[in-house]
Amino acid sequence: MTDTTTEDTTGSVGDTDVHGEEPGSEDLVAEGIPLVEGTGRRAMRWPQVLAAGLACFGLWLLLDSSTLLRSAQASPFGTRRSVAIALLRPLAATEHALGLAGVVNGVDRALGRTGTGVVQVSRGVSTGHGHGADPSRPLRTTDSTAPAPATGPDGFPQLPTPTTASPLHVLVVGDSLGVDLGNPLVDDLVVSGVVDATADAHIDTGLARPDYFDWPAELRNDLALYAPQVVVVFMGANDPQNMVVDGNAVAYGTAAWSEDYEARVVAFVKEATDTGSHVIVVGMPPMADPGLTAKMQALNQDLALAAGSPGVTYFASWPVLSDPSGAFQTYLPDASGNEVEVREPDGIHITPAGADRLAHAIIGEMDRALGLHVPS
Amino acid sequence: MLFPTIDFAIFFAVAYTVNWLLNPYPTTWKLAMVGLSYLFYSWWDWRFVFLLAAETAVAQLGAVVVHRLDDPRRRRWAMALSVAALLGFLVWFKYYGFFALNVDNALHGLGGSRLLPLLRVTLPVGVSFFTFMAISYVVDVYRRELPPARPIDLAVYLSFFPHLVAGPIVRGQELLPQIRHRRDPRQVDFGRAAWMIAAGLFKKVVLSSYIATAIVDPVFAAPHQRSSLEVLLGVYGYAVQIYADFSGYTDIAIGLALLLGFRFPDNFDAPYTARSLQDFWRRWHMTLSRWLRDYLYVPLGGNRGSRLVVARNILITMLLGGLWHGAAWTFIAWGAIHGLGQVIGHERRQRRMARGLEPLPDGPGRVALQRFLTLQVVCLAWVFFRADSLSSAFAILGRLFSAWGVASPLVTPLVVLAIAFGIGVQYVPSDVAERVQGQFVRFPVAAQGAILGVVLLAITTLGPQGVAPFIYYRF
Chain E
1 MTDTTTEDTT
11 GSVGDTDVHG
21 EEPGSEDLVA
31 EGIPLVEGTG
41 RRAMRWPQVL
51 AAGLACFGLW
61 LLLDSSTLLR
71 SAQASPFGTR
81 RSVAIALLRP
91 LAATEHALGL
101 AGVVNGVDRA
111 LGRTGTGVVQ
121 VSRGVSTGHG
131 HGADPSRPLR
141 TTDSTAPAPA
151 TGPDGFPQLP
161 TPTTASPLHV
171 LVVGDSLGVD
181 LGNPLVDDLV
191 VSGVVDATAD
201 AHIDTGLARP
211 DYFDWPAELR
221 NDLALYAPQV
231 VVVFMGANDP
241 QNMVVDGNAV
251 AYGTAAWSED
261 YEARVVAFVK
271 EATDTGSHVI
281 VVGMPPMADP
291 GLTAKMQALN
301 QDLALAAGSP
311 GVTYFASWPV
321 LSDPSGAFQT
331 YLPDASGNEV
341 EVREPDGIHI
351 TPAGADRLAH
361 AIIGEMDRAL
371 GLHVPS
Chain W
377 MLFPTIDFAI
387 FFAVAYTVNW
397 LLNPYPTTWK
407 LAMVGLSYLF
417 YSWWDWRFVF
427 LLAAETAVAQ
437 LGAVVVHRLD
447 DPRRRRWAMA
457 LSVAALLGFL
467 VWFKYYGFFA
477 LNVDNALHGL
487 GGSRLLPLLR
497 VTLPVGVSFF
507 TFMAISYVVD
517 VYRRELPPAR
527 PIDLAVYLSF
537 FPHLVAGPIV
547 RGQELLPQIR
557 HRRDPRQVDF
567 GRAAWMIAAG
577 LFKKVVLSSY
587 IATAIVDPVF
597 AAPHQRSSLE
607 VLLGVYGYAV
617 QIYADFSGYT
627 DIAIGLALLL
637 GFRFPDNFDA
647 PYTARSLQDF
657 WRRWHMTLSR
667 WLRDYLYVPL
677 GGNRGSRLVV
687 ARNILITMLL
697 GGLWHGAAWT
707 FIAWGAIHGL
717 GQVIGHERRQ
727 RRMARGLEPL
737 PDGPGRVALQ
747 RFLTLQVVCL
757 AWVFFRADSL
767 SSAFAILGRL
777 FSAWGVASPL
787 VTPLVVLAIA
797 FGIGVQYVPS
807 DVAERVQGQF
817 VRFPVAAQGA
827 ILGVVLLAIT
837 TLGPQGVAPF
847 IYYRF
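As structure tokens, then:
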């Protein structure tokens, strides 16, 4: 063992002459590692770089302020949103006054963007199309010469047993949890050979912020495009937040919020039932965070109440994705009894194995509640 | 805090100014840099700042003890203990869940009862990267290639925010001397830094995001609903996506470090132009491959020994390299494909040498064929890397052959163009970029700012709103 100390050692590699506290020394780049190699590039002083960086950032803020303002307006209510809007509004006004907004808007139009601020990212697919569900195909129409279908106990038309010749049309809509569920459910349905299924799910969306994403309008579009006989709705995790109703802020957690939210769910599912579609509203599962779990419990009550109208069924995902006591579980047994991960590390989203488990349960519910007998 | 966000832009403006204002005062600068880096890391989860600090303390303690010991056996034990302790952090946070789940299922298959509790252990961002850097530091001290650093220097080295969450894996010998010496405030390499950041942003925000949403995600999420052509393009698309995503991150990290006066090693060198898997690993995630070479492959024996021993060493290295990326059988399969491919390549070269044959001449046709075949094997391996499970990977591969002649709405001219661009751009000579960088810095400062502002606008306008996390953040 030596008596060399850490300080001695570091000193031995020449620290002492470079650790002085005197400003303005002319230390050059670290030995053997020149900052600017012999490429002909001109090195710059750091304040010049700062000036160039600030100029770049300032110009970008000005040119992109309308888009940034839209994003800020669509962000969750709070101080951050207020400050961002206060800062961006004058910049956006300047951008408009200078006629610069047209450049970005032109590109957005060219790229087919709606300006809703919807983000579709790589954590699962946001839109899936089942067999024959090409969005470019002609709109589906109903056969006016067909006999009127029989009605169920709730007075809603009963669905015929699907066959290969006359497949059932299913649409799955939702938020990021809907993204997780959408494709496994569509996959399971289409492999039956008697279902034509489509998923339309968008992350960061819900019914609380129509200014950010207008789900009723999206659903109307989907209904016209796909004419589904069954619509599966799986959204709500983003909704525990303040809402604006008729221009007035409604605080989350109040009775008024619950009433207004329930009304939104009712109006949303009515879009589908008005066209003759059956709706299955899937409740939220428990979350790893106890606070969020409590919010999901409360939200499920609103969803369940809204699902009381004819043609609407509420299906609880809670028991499917929890232990027997109803508590959040990361691991649950699959069909063979092996434990599988059913929830993502964030404690919110559902893994493919979890989505598969939920998809099978929903298909079972279609069988039980709608008498569809979809082979699995 | 993700790089391509306004939050980070504000953070970096502050960090940049603090960096240069405190540059003449090394101790204060180091304390400030550790504070800023820990603040950056705490943006994800403040509790894991303690993990970073704990790994720093363990590495420093281990290095000092190893350095003080003379007896080779005791030095080796001290080094092994330190490395084991550092690996312990990684094993707990990254592999416990995987291990416990597989043990549980194996016991279930044998009719046994649960041995280990099934816990969800949250994976700290970047733990694989800074743990590997800490290990390399201790081993370098053990090998007497590096003296122990001052604790504050080590804290800066391990936590330095440009590399903290997804590399590059910078060696102590590369970064510690730069931390010890003051940077020259007149020598900021702005031309290269601006190019790297702009290129990285374009790759990540525009190219990677577009390909991911346009074809890769739909294909990998529901292969049964896709045609063979869509699946084929989805697989090639993922090759471009992961390259654009990870090399884009690295480009930004290298550019940010340059602005702060630091030089990081390159991490990518046109990997899809590789002529063999061995060549691929000289070009892909170069800082990881040299880490695996120096701290795993060489200690295992490297190229010394019989062909069987060398093959074993290659396979172990690549399997563990696969496991480093994630605790899943898919990553092990990915490592196995690369390992087997390299073993086969090594064996072929050895046999040729044993027969006294000269290497075959490099005609354009042979080079093109080698590049093509290497890319196909790399893409095959990416299927396992990207798939949720082995069964999903096989489903995707099966779909490659079973759905030709079906409509392929996802295959658009823009998708094909983006994929071709992502691969083709790797054949552009590097001096083209250098010429652009050289021209850029000759402009006045205001013009540079204006050019960059317009470039930034183009990137944010062409890219989607919002940014997905970098793929390598979860490794």
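Here the protein sequences come in this chain order: E and W. Going by the working numbering, the first sequence opens with residue 1, and the numbers climb by one from there. Going by the working numbering, the second sequence opens with residue 377, and the numbers climb by one from there. Glycine is no exception: its CB is placed at the ideal position from the N, C-alpha and C atoms. Owing to the predicted nature of the structure, the values given are computational and were not obtained by experimental measurement.
Under 8 angstroms, with one C-beta from each stretch per pair, do the region 744–764 of chain W and the region 607–615 of chain W reach the 3-pair mark?
They touch, by the three-pair rule.
F234/E - containing beta strand (DSSP E), residue span
Per DSSP, F234/E is one residue of the beta strand (DSSP E) stretching across V230 to F234.
Could you have a look at D764/W and say whether DSSP puts it in helix, strand or coil?
Correct three-state label for D764/W: coil.
V121/E classed as buried or exposed, judged by whether at least 16 other C-beta atoms fall within 10 angstroms
Below a pLDDT of 50, predicted positions are generally treated as unreliable, and V121/E, at 30, falls in that range; the measurement from the model is reported next regardless. Answer is buried; the Cβ neighbour count reaches 16.
Take T706/W and list the residues in its own chain whose beta-carbon comes closer than 7 angstroms to its own, dropping the five residues that flank it on each side.
Counting only Cβ-Cβ distances below 7 angstroms, and skipping sequence neighbours, we find F760, F761, A763, S765, L766 and A769.
What residue range is occupied by the uninterrupted beta strand (DSSP E) comprising S261/E?
First, the amino acid is wrong: residue 261/E is Tyr here, not Ser. Taken as a continuous stretch (DSSP letters only), Y261/E belongs to no beta strand (DSSP E), being part of the alpha helix (DSSP H) at A255 to T273.
Boundaries (first-last residue) of the alpha helix (DSSP H) holding G326/E:
DSSP places G326/E in no alpha helix (DSSP H); its state is neither H nor E.
Apply the 10 Å Cβ neighbour rule to W710/W and answer buried if 16 or more other Cβ atoms are within range, or exposed otherwise.
The residue in question, W710/W, is buried, as its Cβ has 16 or more Cβ neighbours within 10 Å.
Could you check what DSSP says for E810/W in three-state terms: helix, strand or coil?
Reduced to three states, the DSSP call for E810/W is helix.
Mind pulling the chain W residues with CB within less than 7 angstroms of E339/E?
Neighbours of E339/E on chain W, chain order: L477, D480, N481 and L494.
Between the CA atoms of A629/W and L699/W - distance to the nearest angstrom:
The straight-line gap from Cα to Cα measures roughly 24 angstroms.
Which residues does DSSP list as the beta-bridge partners of N248/E?
In DSSP, N248/E forms a bridge with V245/E.
Extent of the continuous beta strand (DSSP E) run through A171/E:
Before going on, a small fix: residue 171/E reads as Leu here, not Ala. First-last of the beta strand (DSSP E) with L171/E: L168 to G174.
Determine the burial state of H278/E: buried for a count of at least 16 other Cβ atoms within 10 Å of its Cβ, exposed for fewer.
H278/E counts as buried, since no fewer than 16 other beta carbons sit within 10 angstroms of its beta carbon.
Under the criterion of a Cβ to heavy atom distance below 6 angstroms, does E341/E qualify as lining the ligand GTP?
Annotation note on the ligand GTP: not contained in the displayed structure, which lists no ligands.
Skipping 5 residues on each side, what residues in its chain have a beta carbon closer than 7 angstroms to that of V119/E?
Note on V119/E: pLDDT 33, under 50, position unreliable in the model; the coordinate value appears next. Only I203 and D204 meet the Cβ criterion.
From what residue to what residue does the alpha helix (DSSP H) around I690/W run?
Residues R683 to H701.
Minimum C-alpha distance to Y226/E - residue among V170/E, S176/E and A306/E:
Cα-wise, what sits closest to Y226/E is V170/E.
Interface flag, V29/E vs chain W, CB-CB below 7 angstroms
Its pLDDT being 42, under 50, V29/E is placed unreliably by the model, and nothing is read from it.
Rounding to the nearest angstrom, what Cα-Cα distance links A361/E and L181/E in this structure?
If you take the alpha carbons of A361/E and L181/E, they lie about 12 angstroms apart.
For the alpha helix (DSSP H) containing P90/E, name the first residue and the last one.
Membership of P90/E in the alpha helix (DSSP H) is indicated by the continuous run T79 to A97.
CA nearest to the CA of T370/W, picked from G473/W, V801/W and A826/W
Residue coverage of chain W in this structure runs from 377 to 851, which leaves residue 370/W outside it and unanswerable.
With a CB to CB cut of under 7 angstroms and the five nearest residues on each side skipped, what residues in its chain are close to R659/W?
Take R659/W, set aside five residues on each side of it, and the residues of its chain with a beta-carbon closer than 7 angstroms to its own are F644, D645, A646, P647 and A650, in chain order.
Buried/exposed call for F777/W, threshold 16 Cβ in 10 Å
Under this definition F777/W is an exposed residue.
I need the straight-line Cα distance from G485/W to G337/E, nearest angstrom please.
Approximately 9 angstroms, taken between the alpha carbons.
Quick one: which unbroken alpha helix (DSSP H) runs of 4-plus residues sit fully inside the region 460–491 of chain W? Chain order, please.
Segments of the alpha helix (DSSP H) lying fully in the region 460–491 of chain W: 472–485.
Is R562/W close to chain E? Criterion is C-beta to C-beta, closer than 7 angstroms.
For R562/W, the answer is yes, since a Cβ of chain E falls inside 7 angstroms of its Cβ.
What's the call for A730/W, buried or exposed, on a 16-neighbour Cβ count within 10 Å?
Using a 10 angstroms sphere on the CB of A730/W, the tally of other CB atoms stays under 16, which defines it as exposed.
Within chain W, partners of D222/E - CB distance below 7 angstroms
Going along chain W, no residue has its Cβ under 7 angstroms from D222/E, so there is no contact; the nearest lies around 17 angstroms.
Note down the Cα distance separating T330/E from E344/E, rounded to an integer number of angstroms.
The straight-line gap from Cα to Cα measures roughly 8 angstroms.
7 angstroms Cβ cutoff, D134/E in contact with chain W:
Caution is warranted here: a pLDDT of 38 is assigned to D134/E, below 50, making its placement in the model unreliable, and no coordinate value can be reported.
Measuring CA to CA, which of V186/E, F328/E and T67/E is closest to P286/E?
Nearest to P286/E by C-alpha distance, out of V186/E, F328/E and T67/E, is F328/E.
For a contact meaning CB atoms closer than 7 angstroms, what does D645/W contact in chain E?
The premise fails here: D645/W is roughly 16 angstroms from chain E at the closest Cβ pair, so nothing lies under 7 angstroms.
Using only alpha-carbon positions, find the residue among L463/W, L412/W, G473/W and W453/W that is nearest to V532/W.
Closest in C-alpha terms to V532/W, from the list L463/W, L412/W, G473/W and W453/W, comes L412/W.
So what does DSSP say about P333/E, is it helix, strand or coil?
In the three-state reduction of the DSSP assignment, P333/E falls in the strand class, which pools E and B.
At which residues does the alpha helix (DSSP H) containing D302/E begin and terminate?
For D302/E, the uninterrupted alpha helix (DSSP H) run begins and ends at P290 to A306, by DSSP.
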